[in-house]
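Going down the list, the sequences are from chains A and B. Residue 290 in my numbering is what sits at position 290 of the first sequence, and the numbering runs on without skipping anything. Position in the second sequence (first residue = 1) + 1000 = my numbering. For reference, the structure discussed in these notes is given below.
Protein chains: 2
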Amino acid sequence: MANDLDISRAATMQPITSIAAAAGIPDEALELYGRYKAKVDPDQVPAREEKGKVVLVTAMSPTPAGEGKSTVTVGLGDALARTGRRTVIALREPSLGPVLGMKGGATGGGYSQVIPMEEINLHFTGDFHAITSANNALAALVDNHIFQGNELGIDPRRITFRRVLDMNDRALRNVVIGLGGPGQGTPREDGFDITVASEVMAIFCLATGIEDLTSRLALITVGYTYDRRPVTVADLGVQGAMALLLKDALKPNLVQTIAGTPALVHGGPFANIAHGCNSVIATSLARDLADVVVTEAGFGADLGAEKYMDITSRAADVAPDAVVVVATIRALKMHGGVPRDRLDEPNPAGLEAGTANLRRHLRNITKFGLNPVVAINRFTSDTPQELDWLLEWCSQEGVEAAVADVWAGGGGGPGGDELAGKVLAALEKPSAFSPLYPLQMSVEEKIRTVVQEIYGADDVEFSVPALRRLEEIKANGWENFPVCMAKTQYSFSDDVSRLGAPEGFTVHVRDLVPKTGAGFIVAVTGAVMTMPGLPKSPAALRMGVAPDGTPSGLF
Amino acid sequence: MANDLDISRAATMQPITSIAAAAGIPDEALELYGRYKAKVDPDQVPAREEKGKVVLVTAMSPTPAGEGKSTVTVGLGDALARTGRRTVIALREPSLGPVLGMKGGATGGGYSQVIPMEEINLHFTGDFHAITSANNALAALVDNHIFQGNELGIDPRRITFRRVLDMNDRALRNVVIGLGGPGQGTPREDGFDITVASEVMAIFCLATGIEDLTSRLALITVGYTYDRRPVTVADLGVQGAMALLLKDALKPNLVQTIAGTPALVHGGPFANIAHGCNSVIATSLARDLADVVVTEAGFGADLGAEKYMDITSRAADVAPDAVVVVATIRALKMHGGVPRDRLDEPNPAGLEAGTANLRRHLRNITKFGLNPVVAINRFTSDTPQELDWLLEWCSQEGVEAAVADVWAGGGGGPGGDELAGKVLAALEKPSAFSPLYPLQMSVEEKIRTVVQEIYGADDVEFSVPALRRLEEIKANGWENFPVCMAKTQYSFSDDVSRLGAPEGFTVHVRDLVPKTGAGFIVAVTGAVMTMPGLPKSPAALRMGVAPDGTPSGLF
């Protein structure tokens, strides 16, 4: 069978100018990056009175088997476009680190991909590089402030803002910098995160424009003084330079799917320590261009969708009008206790047991006042009996569902038509969206609400350091921020091994990290990896370029 | 008086498609980056039988007063274009680090600038970010190799390849990485250089194409094994991924001058630990497009021009046909002992004394078989008497010279006409270029030759570690590489305070660093700064973006 790269290369791309013209993007708004990529200046696109509707694609708890959420997002967008609705897809940009490490990026799969796949996965239009630069300029200016006399009295032991690289580089997780004597700075502990974990990335994706971006950057807390007062970017006066470094990156990137549907691929924050969705600016622009906007939230619905509702929707006017929950026969079996190497075999009991996971996610969506649609992403090992059984199960649960055959049948084929029909029907139904909790609730209660209402936990337990942080958050006036849960994506609990729909568990909050620029409090449960490492056999070692410039090893 | 940014903004830019069409660049070779920047694929530009001639712009020993070498390069290009000759300018890209630190970039000044100035100085087309990524991917893969079992037996104490950031970040000069326990890597000393100091940057600028690039990357020595054998990129198998990360960056960037002359701005290695000239690919492409190509070498002629002749010219077929040496009345006075705060006043004795510096540079150029032309870059404080005196001095020295009034009179005005005339005349004269030394000479003798013939030193002295390195270089078979001198740009000697044309001095080589991918041996004299720091009041603190996207503070 053809792999994703082969399919992507075999696709006939339209000039991005044609895609833009068909999407109603005026010429003066378009900045070309080669023939098949462009940046779009939202200020040059007329705002519409009636904005497009937003379809949020999320998923059951992910498994190592892979659910294909991006593939469904792209395939659904293509299928909606086939109905004649003006459709724009909004997706996150892939990070270079994982591309060199494990796998290609997050550009969908099979015949449901955004292209040009190689360029999107390598540098793209340079947005992540701009974010890396803005992040590291701030870091350099913090250390330079200390070196030049430390007028603000920053405690080098209490700097919380870290440097970043868009790279999987384990050796940079914990470092000591400023060595070499008085002329080289002040020695202190530091560390590098991957760029997608930067607070600058989160801000970039939540900002509604350059002014909002600058204001949010100014609010970043970089650390604390010797007398424990927070030090912000505004105290250092660096928000202007950071905004300048980000101003071109802030324009959404236009590409196309294999079927020629316009896609805005822009921004890409982590879905654990950040909110895990493409930029608000891209989604807003898409709503000015299209009748229907299909966008995707990171990880499973307990993380990505909850954050979309409680963080992203509040930061900008982008509440979802419909929610698609991606499920697969294989993932359900895994949640039902079937071992990974037996997923290809029919296992009705395992399949049924696994529906507990999906059921809890579906129930959660209704808690936000929204009606979910289940997208059963078809894998080649699925039998018709299994698919029929799952459709029937959904029907008994009172939930709309459709099989999406978009990996092999995407690219403008009929594989997503049924799903598109269900989604369009859902968009017609009244919905009464509301976030899960009011912002006035205490941080502790907000966390308890998420943990009990969404995860199904009995309660939450705070570590001693986390309790101390709760006090600091109150003292610093940060109580009204929403919470951003950093939890494993593989389980509703904070224990990766508890698949399905665990009961009778407690979630342990180890630490709380205020992100005052992004505007949320990260609640850390378990070990959260903000700088991945490379595997034993990194994908990079198989990559190359032919003399004619054709890349290899990139999938 | 208008500043550089005001002048740059007031300029009317032509669409880059028009500039490209006028330069004879076929449509299929052009990849647009917005309206005023493009990458040009050299493989899509027909090669010409008769290549354009190369004018190398270099300078007397620089002073803090500023000589305006880039300004003269741009102004000369504009003036040559005015004569009707098909002209292309080839320049280095500016680094972001200094832009945030001290000053704008290296895009010329006044009415002799390449534009859009802001975009060229900020991210541009992302080349330096690609180089940073390729460099740091290698570094991560080295540490990952050790972490995953260290099959090659790399000695973590003897890794010579460092990470880079395009940032002035003093605190990263000396760091300890890999802290945090066995799961986080192996603790070792490391450090970050600025991206322009990366060997990957030097290779990028010397490579003749993607295959040559890949071969050179494979030859980088990253460190040594426990039994002191060199470890190369080829041993790790990373050259393919690095080339892939660089493949799009490798296409030269097309912009325009204020007068509308096409300029290829591409690559930018340091002129001390590297060779300090724009990419060979850009210069070669320019020679396929134009009758005359004006390019610039970094620092003074003792460093930049010597390296152009002995390193760049050998790496590719780009020997200069004429050499312009930029001099200023102010710099001559400073070399003649006039204090910096008195440079605005006439001082005939000081001026005459300072000519000793220029004379030695002019003599040096003839040692390569080339006839120099002196460009007297006019500053507003220069008097007609001073300029006439210097023209007369040049005449007595038997050297062609012209006053270049290109800062205020550039942009297509007549300020560079006389210089252009002299340069065209020089191009008609026969020249007999040859490098200074044969490659078969020992490294020690090559260094001695440069030091005696070019700097005018009595001899060279090697430190004990440098002598040990000479042995290693012989043992590893690296004896036939040219040498790349890392010396202060402010003096012919290795003592910054000895201005003019010092006599009776010895140059001290502290260390030798083999750059086996770039293909030269760096001879380090004095302290060479490969990671600059930010000043007390960094330019970044004055930068910002207006709500309409207009940048401020960038000059």
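Beta carbons are placed, not taken as given, at the ideal position from N, Cα and C, and that holds for glycine.
Roughly how many angstroms lie between the CA atoms of G24 of chain A and L289 of chain A, to the nearest whole one?
7 Å
Around the C-beta of F1520 of chain B, are 16 or more other C-beta atoms found within 10 angstroms, so that it is buried, or is it exposed?
buried
Closest residue to G191 of chain A among A:A207, A:I159 and A:D212 (Cα-Cα distance)
A:I159
Does the structure place the stretch 45-61 of chain A close enough to the stretch 235-254 of chain A that three or more beta carbon pairs sit under 8 Å?
no
Does E1199 of chain B have its Cβ less than 8 Å from a Cβ in chain A?
no
Which runs of the beta strand (DSSP E) at least 3 residues long sit entirely within the stretch 407-444 of chain A? Give them in chain order.
none
First through last residue of the alpha helix (DSSP H) which encompasses I1273 of chain B
From DSSP, I1273 of chain B is part of no alpha helix (DSSP H); its letter is neither H nor E.
Per-residue burial, S1133 of chain B [other beta carbons within 10 Å of its own, 16 or more giving buried]
buried
Using a Cβ-Cβ cut-off of 8 Å, state whether A540 of chain A counts as contacting chain B.
yes
Whose Cβ in chain A lies nearer than 8 Å to the Cβ of S1133 of chain B?
L96, H123, H129, D166 and M167
At 8 Å on the CB atoms, spell out the chain A contacts of F1270 of chain B, in chain order.
The contacting residues do not exist; F1270 of chain B stays about 19 Å from chain A at best.
Excluding sequence positions up to five away, which residues of its chain have a Cβ less than 8 Å from the Cβ of D458 of chain A?
Q452, G504, F505 and T506
Relative to the C-alpha of A1349 of chain B, which candidate in B:L1390, B:N1371, B:V1318 and B:K1069 has its C-alpha closest?
B:L1390
Identify the continuous beta strand (DSSP E) that holds V233 of chain A and give its terminal residues.
Segment V233 to L236 is the alpha helix (DSSP H) holding V233 of chain A; no beta strand (DSSP E) there.
Out of B:A1426, B:S1061, B:T1516 and B:Q1014, state which residue places its alpha-carbon closest to the alpha-carbon of R1359 of chain B.
B:S1061
Using the DSSP secondary-structure output, state which residues sit across from S1552 of chain B in a beta bridge.
B:G1544
Apart from the five residues on each side of it in sequence, which residues of its chain come closer than 8 Å, Cβ to Cβ, to T449 of chain A?
L436, Y437 and M441
Comparing alpha-carbon positions, which option in A:V88, A:V374, A:S381 and A:M531 lies nearest R342 of chain A?
A:S381
If I'm right that L1100 of chain B touches N1168 of chain B with Cβ under 8 Å, what's the distance once you round it to whole angstroms?
7 Å
Within the stretch 1308-1340 of chain B, note down every full alpha helix (DSSP H) run reaching 4 residues or more, in order along the chain.
1329-1335
Neighbour-count burial assignment, R340 of chain A, 16 or more Cβ in a 10 Å radius
exposed
Using the three-state DSSP reduction, which class does E1067 of chain B fall into: helix, strand or coil?
coil
Using a Cβ-Cβ cut-off of less than 9 Å, give me the residues of the stretch 80-91 of chain A that come near chain B, in sequence order.
none
Taking 8 Å as the cut-off, does the stretch 404-422 of chain A touch the stretch 309-320 of chain A (at least 3 CB pairs, one atom from each stretch)?
no
Is the CB-CB distance between G223 of chain A and I154 of chain A below 8 Å?
yes
What separation, rounded to the nearest whole angstrom, lies between the Cα atoms of P1514 of chain B and S1198 of chain B?
13 Å
Can you find the residues in the same chain that come closer than 8 Å, C-beta to C-beta, to E461 of chain A, ignoring five residues on each side of it along the sequence?
T506, V507, H508 and V509
Proximal chain A residues relative to E1031 of chain B, where beta-carbon distance stays under 9 Å:
L32, Y33, G34 and R35
Helix, strand or coil: which one does DSSP assign to H1145 of chain B?
helix
Assuming G1500 of chain B and A1327 of chain B make a contact with CB atoms under 8 Å, what is their CB distance in whole Å?
At roughly 13 Å, the Cβ-Cβ gap does not stay under 8 Å, so G1500 of chain B and A1327 of chain B are not in contact.
Output the residue ranges of the alpha helix (DSSP H) runs that lie fully inside the stretch 1369-1414 of chain B and measure 4 residues or longer, sorted by chain position.
1384-1397 and 1406-1409
Whole-angstrom distance between F124 of chain A and K1307 of chain B, CA atom to CA atom:
35 Å
Under a CB-based cut-off of 8 Å, is D248 of chain A close to chain B?
yes
Residue closest to V1338 of chain B, alpha-carbon to alpha-carbon, out of B:P1064, B:K1037, B:A1059 and B:A1021
B:P1064
Separation of V1233 of chain B from R1188 of chain B, as counted between CA atoms:
20 Å
With a threshold of 8 Å between beta carbons, is G153 of chain A in contact with chain B?
no
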